[in-house]
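A short write-up of the structure that comes next.
There are 2 protein chains.
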Amino acid sequence: MIANDLLKGTLRTIVLKLLADNGRMYGYEITKKVEELSTGKIKLTFGALYPVLHKLEAEGHIATEVEYIGKRVRKYYTLTETGRSWTEQKVDEFFDFVNTLTYLLKPTPA
Amino acid sequence: MIANDLLKGTLRTIVLKLLADNGRMYGYEITKKVEELSTGKIKLTFGALYPVLHKLEAEGHIATEVEYIGKRVRKYYTLTETGRSWTEQKVDEFFDFVNTLTYLLKPTPA
DNA sequence: TTATATATATAAGATGATTATATATAATAA
DNA sequence: TTATTATATATAATCATCTTATATATATAA
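Heads up: the sequence lines are chains H and B, in that order.
The opening residue of the first sequence carries number 1 in the working numbering; numbering runs sequentially from there.
The opening residue of the second sequence carries number 111 in the working numbering; numbering runs sequentially from there.
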């Protein structure tokens with residue numbers, strides 16, 4: 001049984017994987033990176049992103065460091081130990097889902 | 111920009127594609143077929159399926175025929191003309207989404 | 001005759017995303 | 001120098017979708 005959250009919550013997986021690949025990142029940076037990597041096809045909205053980041057933090061998957069760029073606050077996020085293994089798991093789950101769906105949507109049986 | 115409904119609403123796409131491949135089907139049959147094709151990995155719930163079927167019908171993508179098996183009612187669904195082209199579009203959109211996400215989640219850059 | 005499978009349907013509740021709004025600094029163009 | 005755009009985070013209202021629970025009824029197998 002595929003985790004239902006996968007059907008909706010790909011956002012979490014994307015955020016986690018970006019942090020796994022790029023070390024530490026801040027929210028705004030994440031939206032830019034996703035837009036860049038997807039050649040504009042995916043644009044994360046802040047109303048979705050920040051709640052997800054706060055939730056991941058509350059769950060212990062990511063940790064924060066606050067930095068000041070001039071007078072402007074910037075919150076950097078990094079994966080925790082548990083966050084790292086959880087990311088792998090989530091990415092695997094996603095590809096499992098894709099394989100299943102690809103099979104369902106590709107063939108044209110009798 | 112990838113359609114946001116894709117991130118959530120793969121259920122609609124699955125239902126449409128099954129109807130495209132198998133001609134006419136009824137609700138219960140669809141759940142069984144999805145379970146079979148996904149080797150038990152995806153189990154559609156009726157609380158999700160029937161509202162989707164009703165919505166697709168209201169939108170003109172599918173049409174119904176009622177049949178009686180003994181005394182039991184069975185509602186067969188078939189794609190309409192617009193439903194058929196819409197299905198193609200939805201399936202294409204899904205694979206576009208998969209390609210983008212695969213790129214996002216696969217590489218491990220610097 | 002009792003449990004399971006077939007068959008459809010809706011309502012309550014949870015979750016997740018969009019849109020709107022708020023606040024503030026920094027950089028660039030007019 | 002002033003207006004606009006980019007940077008940066010955050011929350012609330014709203015909407016769509018999915019899960020869980022519930023209701024109803026027939027057919028079949030143990």
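From the three backbone atoms N, C-alpha and C, an ideal C-beta is built for every residue, glycine too.
Values in this document were obtained by computation on a predicted structure and should not be read as measured data.
Beta-carbon to beta-carbon, LEU53 of chain H and VAL91 of chain H are separated by about 18 Å, too far to satisfy the 8 Å threshold. Fully contained in the stretch 47-106 of chain H are the following beta strand (DSSP E) runs of length 3 or more, in chain order: 62-69, 72-79. Note that the stretch 69-88 of chain H touches the stretch 25-33 of chain H; at least 3 beta-carbon pairs, one per stretch, sit closer than 8 Å. Ranking H:LEU37, H:HIS61, H:LYS41 by CA distance to the CA of LEU215 of chain B puts H:LEU37 first. Using a Cβ-Cβ cut-off of 8 Å, ILE14 of chain H is close to LEU211, LEU214, LEU215 of chain B, given in chain order. Shown here for GLU177 of chain B: same chain residues with a beta carbon closer than 7 Å to its own, the five before and five after excluded, namely ARG184, TYR186 in chain order. Membership of LEU126 of chain B in the alpha helix (DSSP H) is indicated by the continuous run 120-132. When Cβ-Cβ separations below 8 Å define contact, LYS41 of chain H makes contact with chain B. Proximity of chain H to SER195 of chain B at the Cβ level (cut-off 7 Å) is not reached, the minimal Cβ distance being about 16 Å. Closer than 8 Å to the CB of LEU37 of chain H there is at least one CB belonging to chain B. In terms of beta-carbon proximity, LYS17 of chain H lines the interface with chain B, with at least one pair separated by less than 8 Å. Using a CB distance cut-off of 8 Å, THR174 of chain B does not count as an interface residue toward chain H. The alpha-carbon of LYS181 of chain B is positioned some 24 Å away from that of GLU167 of chain B.
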